Each structure stands twice: as structure tokens, then as C-alpha cells.
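Okay, structure first, notes after.
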Amino acid sequence: MPDKKIHTTNYTNTFIEVAEDTKADHGTRPPTKGDKKTVAEMQYELIANNPYKFTSDDVLFQVFASRNDLTKAELKKAREEFFSKGQACLRASPLTKSYGFGVHCDTEGKVALYGVELTNTRNSCQMQR
123 MPDKKIHTTN YTNTFIEVAE DTKADHGTRP PTKGDKKTVA EMQYELIANN PYKFTSDDVL
183 FQVFASRNDL TKAELKKARE EFFSKGQACL RASPLTKSYG FGVHCDTEGK VALYGVELTN
243 TRNSCQMQR
């Protein structure tokens, strides 16, 4: 059986700017809604509490794993399956669309958040891999 193609959402040396049509004028922590954390809230906590520790792939998969209550034993296979299909990158995240954050990807692809008030940008991301 041939190996599955593995896709990635990681970028290096790239800044994913705040969505052009956002109404946010500053970065805002996503609010808690009900008992279960939202995708935006989970992404925010992972990145804001750990700047430049995780890649985009790490963040997206950790949120997926948490929301699906995956066990430690299931993680490796689930990650391979998750990235065997293309996934939307952080450019499509509610953080960049609704909550006023841009995402900086460093030389190693590790990510950090920057509020639109710090960036003076509101356009699409620079596509570099």
C-alpha cells in the first residue's frame, strides 16, 4: 500500500495578516461560550500562552485532538490521517477573521499572535513556504 501524502499548514518567515474585512480594531481574546471551549478560544490559548512554541500544524491538530477526546495512544495515527487531507491554515482561523489577530510564523514555522493595533495591516497573508 503506498504511503499517504502528508499536507501541511506550516509557513516560515511569514506574517498572516488580519482579514481585510474584519471589524476588529484590536486583538481580542475570544469569549467563552458555554461549557465547551470554542475553536477560537482553544487556538488563542495555545498560541498566546506559548508564543513561538508550536507550529500551525501543532495548533490545528491539538485543537482537533482535544475536541475529539483522542487518547494518547490514538494521537500518532490520528495526526497522520488528519494531515492526509488538506487543512485550512491559520489564515482561515477565527483569530484572524473575527478577533483581530495576525499570526507571525518564524524561521522554524513556530507561531505567535499580534493584535491588529500592533501591525497596522489588514490584508491577505504573504504566501511563502
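Residue numbers for the sequence shown follow our numbering, beginning at 123 and rising by one. Where a beta carbon is used, it is the ideal one built from N, C-alpha and C, also for glycine. Because the structure is a prediction, the values reported are computed rather than measured.
- Query: Grouping DSSP H, G and I as helix and E and B as strand, with all else coil, what is residue 128?
  - Reply: Note: residue 128 maps to coil in three-state DSSP.
- Query: From the DSSP output, which residues share a beta bridge with residue 137?
  - Reply: 226
- Item | Same chain only: Cβ atoms within 8 Å of residue 229, ignoring 5 sequence neighbours per side | Within the same chain, residue 229 has close Cβ partners 134, 135.
- Query: Is it true that the CB of residue 150 sits closer than 8 Å to the CB of residue 222?
  - Reply: In contact: residue 222 and residue 150 (Cβ atoms closer than 8 Å).
- Query: Sorted by chain position, which residues of the same chain lie with C-beta nearer than 7 Å to residue 201's C-beta, five sequence neighbours on each side aside?
  - Reply: 183
- Task: Please classify residue 177: does DSSP put it in a helix, a strand, or coil?
- Result: strand
- residue 174 and residue 232 closer than 8 Å at C-beta: yes
- Is it the case that the Cβ atoms of residue 216 and residue 146 are separated by a distance below 8 Å? 8 Å or more divides the Cβ of residue 216 from the Cβ of residue 146.
- Coarse secondary structure for residue 234, derived from DSSP in three states: Here residue 234 carries a strand assignment [DSSP, helix/strand/coil].
- Message: Our contact map puts residue 205 next to residue 179 with C-beta atoms below 8 Å; I'd like the distance itself, whole angstroms only.
- Response: Correct: roughly 7 Å between the Cβ atoms.
- Once you ignore the five residues that flank residue 208 on each side, which residues in its own chain have a CB closer than 7 Å to its CB? Close CB contacts of residue 208 within its chain, under the 7 Å cut and outside five residues either way in sequence, are with 129 (chain order).
- Task: Indicate the three-state DSSP secondary structure (helix, strand or coil) for residue 167 in the structure shown.
- Result: helix
- Taking all protein chains shown into account, do 16 or more other C-beta atoms lie within 10 angstroms of the C-beta of residue 214, making it buried, or fewer, making it exposed? exposed
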